[in-house]
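Numbering (the numbering used here), first residue to last: 5 to 750. We put the CB at the ideal spot given by N, CA and C, even for glycine. Computed from a prediction, not measured in an experiment: that's the story for all the values here.
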Amino acid sequence: MIDELICNGVYLDVSDVIPIPISYSIADIKEPSKRKKAFSKEITLPPTMNNNAFFAGVFRYTSTDTGVNFDATAKAEIILKKRGIQVLKGVLKLNSVILDGNTPTYKCQIFAESVDVFLLLQNIAVNELDWSAYNHTLSRTNIKNSWTAAVGSGYYYPLIERRPRLGATIWNTTDLIPYVYLREVLVKIFEIVGLTWDSDFLDTTQFKNILFGYGGGVIKTIPASELNNRKIEIDNGDITWSTTITGVGGIIGTYVTDAFESNFTETITQDILNQYIDGQITIQQSGNYQIDLGLILDILITTSNASVAYTSPSIIIKRNGVIVDSLVLGVFNPAISNVINLSRTTNIACNSGDIITFDIYVGTIFISNGLDTLLPVTIDVTTNTPITIDVTCTDTTITDGGTVILNNFLPNMKCSEVLVNAIRQFNLYISEQDTDGVVKIEPLSNYYQATSVFEDITALIDHDKETVITPSANSFSKNILFTFKKQSHSDFTTYLDKWGVEYNDLKQTQGSYYAKGDYKIELTWATLIPYQVAVGIHVPRFTKTENNVVKANEGAPIICFRNGSKPGSWTFRDTVGTGNEVLTTYPSIHHFYNWENPTMDLSFMLTNELFHQATVVTTVNCYSEYYQDFINEMTSSIGQIVNTYVFWKELDIRDLDFSKLLMINGALFRLNEVVEFAPEATASTKIELVKVIAAKARRRGSVTKPNNPIQIGVGILSSPSLGVGGGGGVLVGGGSGRYNGNIIKG
5 MIDELICNGV YLDVSDVIPI PISYSIADIK EPSKRKKAFS KEITLPPTMN NNAFFAGVFR
65 YTSTDTGVNF DATAKAEIIL KKRGIQVLKG VLKLNSVILD GNTPTYKCQI FAESVDVFLL
125 LQNIAVNELD WSAYNHTLSR TNIKNSWTAA VGSGYYYPLI ERRPRLGATI WNTTDLIPYV
185 YLREVLVKIF EIVGLTWDSD FLDTTQFKNI LFGYGGGVIK TIPASELNNR KIEIDNGDIT
245 WSTTITGVGG IIGTYVTDAF ESNFTETITQ DILNQYIDGQ ITIQQSGNYQ IDLGLILDIL
305 ITTSNASVAY TSPSIIIKRN GVIVDSLVLG VFNPAISNVI NLSRTTNIAC NSGDIITFDI
365 YVGTIFISNG LDTLLPVTID VTTNTPITID VTCTDTTITD GGTVILNNFL PNMKCSEVLV
425 NAIRQFNLYI SEQDTDGVVK IEPLSNYYQA TSVFEDITAL IDHDKETVIT PSANSFSKNI
485 LFTFKKQSHS DFTTYLDKWG VEYNDLKQTQ GSYYAKGDYK IELTWATLIP YQVAVGIHVP
545 RFTKTENNVV KANEGAPIIC FRNGSKPGSW TFRDTVGTGN EVLTTYPSIH HFYNWENPTM
605 DLSFMLTNEL FHQATVVTTV NCYSEYYQDF INEMTSSIGQ IVNTYVFWKE LDIRDLDFSK
665 LLMINGALFR LNEVVEFAPE ATASTKIELV KVIAAKARRR GSVTKPNNPI QIGVGILSSP
725 SLGVGGGGGV LVGGGSGRYN GNIIKG
């Protein structure tokens with residue numbers, strides 16, 4: 005949809021998408037989850053009759069042989085809508101007019117104090133984005149192909165436990181759910197707002213391996229419209245069939261009619277996929293089907309010899325020529341016309357291309373008079389009332405051979421939530437767009453230049469105005485909380501009951517007596533707990549046990565790392581049919597990046613307990629990498645917030661680089677905010693600074709060497725050296741059950 009640009013109530017003609025920023029200036033260091041917004045963008049409007057009339061009226065635009073004239077001081081109120089949603093309200097300024105012969109093109113500037121991109125993104129869910137390029141047929145082959153496909157785009161089927169299965173190491177094709185890559189979700193979100201990015205972080209292999217998707221619950225992947233397409237309704241069916249057969253005395257004969265194919269007339273009430281032709285059905289979509297057959301038949305068998313015996317007739321339903329149901333029509337007296345009343349429901353599993361047929365089995369005729377002569381036997385079958393045949397697909401999820409419509413498997417999370425969660429989890433900074441609509445995206449920790457790169461502003465301080473220095477710890481929050489969406493799966497509740505904190509969350513308290521309140525980074529997605537279901541096979545379990553019954557449990561969408569193929573023996577089976585294979589590796593996911601030798605953890609602290617065997621863990625996580633330095637600066641006993649005045653001019657503000665540190669009297673500071681800039685009213689500008697604490701960085705990384713070793717599973721974990729980690733424990737013990745033990749704190 006082309007953007008809607010409304011000026012003074014007039015809809016202007018727009019020739020292209022108008023990119024808008026997600027954020028303008030640097031995030032507030034004191035509150036990194038908040039982002040400031042503003043907007044200034046030059047756009048080009050085409051010379052349509054509508055636009056020409058608007059600029060002539062509002063900006064008094066005229067053109068003569070000597071040039072163009074317009075009122076450069078005029079402005080128009082403007083509203084920008086995307087997908088029908090208002091995202092911007094501001095003013096439009098006409099900068100210049102370019103003439104090509106006598107045809108003008110209008111160069112305009114849009115100004116706004118705020119841009120509500122998130123209002124637009126709140127109206128679009130991830131499962132409403134265009135994923136059609138990745139629709140595919142459900143099969144073991146396609147699922148396995150996803151395990152070796154390139155990372156960063158497309159889909160991936162990890163091994164998960166989303167419901168009770170046939171065995172600990174047996175998975176059917178429908179037990180697995182496709183996930184997508186978080187990076188591609190963000191690409192599609194940025195396309196909505198008309199932006200592209202330049203980002204070292206988002207282009208790393210590590211980030212490209214982050215998956216987004218299903219977090220538990222009963223999943224319905226076949227929409228009602230698709231089930232309706234598969235439905236067949238046959239009404240007013242009528243059979244008139246007759247045949248005469250002969251038999252020799254003592255010979256046994258069995259007779260099956262093809263009445264439904266050659267002597268059957270009907271009314272096709274519904275058959276959208278054209279599956280019913282001449283009394284037989286060719287299934288177009290694999291799945292489980294219910295066949296409802298209703299009929300009342302007259303069957304009469306006559307012969308010239310009274311010594312003929314008969315068995316009861318029946319209706320036969322076949323799939324690809326093989327009987328799947330045989331319906332005996334009850335007590336039968338061949339001497340009279342028999343009215344057979346039948347209502348029958350049959351459930352069968354079908355693959356695409358299977359052929360369903362219906363036959364009348366007349367029965368076995370015994371000619372027992374002992375005479376060596378041919379005896380005629382006449383069989384008449386007619387309809388007493390109309391026959392009905394209804395075929396309905398009973399599936400809510402697809403089966404082998406069905407089309408995986410990827411949108412149906414993805415969470416119904418709004419795009420605004422995904423973007424906010426990504427910003428918060430990785431403390432992302434999103435710059436103002438450049439002239440090509442490109443924004444810079446990096447974690448705030450990567451945004452700042454090295455401490456060797458700074459500008460000394462000591463000489464620019466306005467000493468005639470007061471400088472206020474405030475201990476940062478006193479004004480910062482007392483409690484520091486980094487949390488994922490709470491999950492109610494059994495493994496999560498087990499962990500919470502034992503440790504009193506949610507798996508992967510960070511909760512700590514800073515030391516200032518005067519600090520109050522909570523500092524919260526709250527996410528609305530979750531991550532997972534890998535559980536060892538067999539030797540080497542670690543899978544998340546999206547289940548809950550109630551009254552000793554394990555069932556599927558609904559949970560929040562998750563993000564996790566694709567860990568690739570890991571050793572482990574398991575059986576992979578078709579859901580429809582008997583096809584299966586034993587595999588020696590499985591598609592692994594984890595909150596660790598490569599759990600066998602982890603280098604990153606999507607958690608905010610190292611868990612107190614693992615639910616699987618491990619020989620190494622990592623203390624590198626989202627808190628230690630993206631938040632710890634800033635939190636330390638705000639909670640340190642020597643941390644400072646400085647408000648002072650500097651002699652900065654328009655060019656200084658225009659060329660301001662927030663990433664470069666500032667030095668005053670030998671101390672380094674981060675520029676947090678330009679509080680006041682009004683050169684026409686005052687000679688100096690008020691700024692807010694945060695002191696950089698040049699403390700030695702905490703050592704963090706993989707932990708394998710013990711101080712006080714604990715034997716777990718297949719190896720040894722240890723306590724770390726002093727100073728490792730982000731405030732949490734760093735290893736677990738092992739043993740039976742969940743492979744847990746006592747934590748050794750760092």
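- Fully contained in the stretch 120 to 201 are the following alpha helix (DSSP H) runs of length 4 or more, in chain order: 121 to 125, 144 to 152, 186 to 196.
- Uninterrupted alpha helix (DSSP H) stretches at least 4 residues long and entirely within the stretch 211 to 255 occur at 228 to 234, given in chain order.
- When the five nearest sequence neighbours on each side are left out, the beta carbons in the same chain lying within less than 7 Å of the beta carbon of residue 140 are those of 146, 408, in order along the chain.
- Residue 481 sits in coil when the DSSP states are folded into three classes, being neither helix nor strand.
- Boundaries of the alpha helix (DSSP H) around residue 495: 494 to 503.
- For the pair residue 71 and residue 59, the Cα-to-Cα distance works out to about 16 Å.
- Here residue 611 carries a coil assignment [DSSP, helix/strand/coil].
- Residue 104 counts as exposed, since fewer than 16 other beta carbons sit within 10 angstroms of its beta carbon.
- Its chain contains 235, 294 as the residues whose beta carbon lies nearer than 6 Å to that of residue 396, once the 5 sequence neighbours on both sides are disregarded; these appear in chain order.
- The C-beta of residue 187 has 16 or more other C-beta atoms within 10 Å across all chains shown, which makes the residue buried.
- Along the stretch 343 to 418, the beta strand (DSSP E) occurs as fully enclosed runs of 3 or more residues at 359 to 371, 378 to 397, listed in sequence order.
- An exposed status is given to residue 471, since fewer than 16 other beta-carbon atoms sit within 10 Å of its beta-carbon.
- Assignment of beta-bridge partners to residue 299 by DSSP yields 346.
- Checking the DSSP bridge columns, you'll see residue 589 partnered with 571.
- Annotation for residue 638: the continuous alpha helix (DSSP H) segment containing it runs 632 to 639.
- CA-to-CA, the gap between residue 137 and residue 497 works out to about 38 Å.
- An exposed status is given to residue 348, since fewer than 16 other beta-carbon atoms sit within 10 Å of its beta-carbon.
- The beta carbon of residue 193 sits closer than 7 Å to the beta carbons of 125, 419, 422, 423 from its chain, once the five residues preceding and following it are set aside; these are given in chain order.
- DSSP, reduced to helix, strand and coil, places residue 76 outside both helices and strands of the structure shown, so it counts as coil.
- In this chain, the beta strand (DSSP E) harbouring residue 647 covers 644 to 650.
- Residue environment for residue 171: exposed (fewer than 16 other C-beta atoms within 10 angstroms of its C-beta).
- Three or more pairs of CB atoms, one per stretch, sit closer than 8 Å, so the stretch 472 to 481 contacts the stretch 633 to 647.
- Across the set 164, 415, 488, the C-alpha of 164 shows the shortest separation from the C-alpha of residue 556.
- Sixteen is the threshold: since fewer than 16 other Cβ atoms of the shown chains lie within 10 Å of the Cβ of residue 222, the residue is exposed.
- Residue pairing from DSSP leaves residue 441 without any beta-bridge partner.
- When C-beta atoms of the stretch 506 to 524 are compared with those of the stretch 576 to 584, fewer than three pairs fall below 8 Å, so the two segments do not count as touching.
- The C-beta distance from residue 591 to residue 162 rounds to 5 Å, short enough to fall under 8 Å.
- Across the structure, residue 45 and residue 410 are spaced so that their CA atoms are roughly 36 Å apart.
- For residue 380, the number of other beta carbons within 10 angstroms of its own is below 16, and it is reported as exposed.
- Excluding the 5 residues flanking it on each side, residue 398 has same chain C-beta neighbours closer than 6 Å at 292, 294, in chain order.
- Residue 507 and residue 281 have their alpha carbons spaced roughly 58 Å apart.
- DSSP places residue 446 within a strand segment (E or B) once states are collapsed to three.
- The beta carbon of residue 394 sits closer than 6 Å to those of 237, 296, all from its chain and outside the five residues before and after it, given in chain order.
- For residue 176 and residue 168, the gap between their C-alpha atoms comes out near 11 Å.
- Of the candidates 667, 511, 405, 462, 667 places its Cα closest to the Cα of residue 697.
- Residue 509 is classed as buried because its beta carbon has at least 16 other beta carbons within 10 Å across all chains shown.
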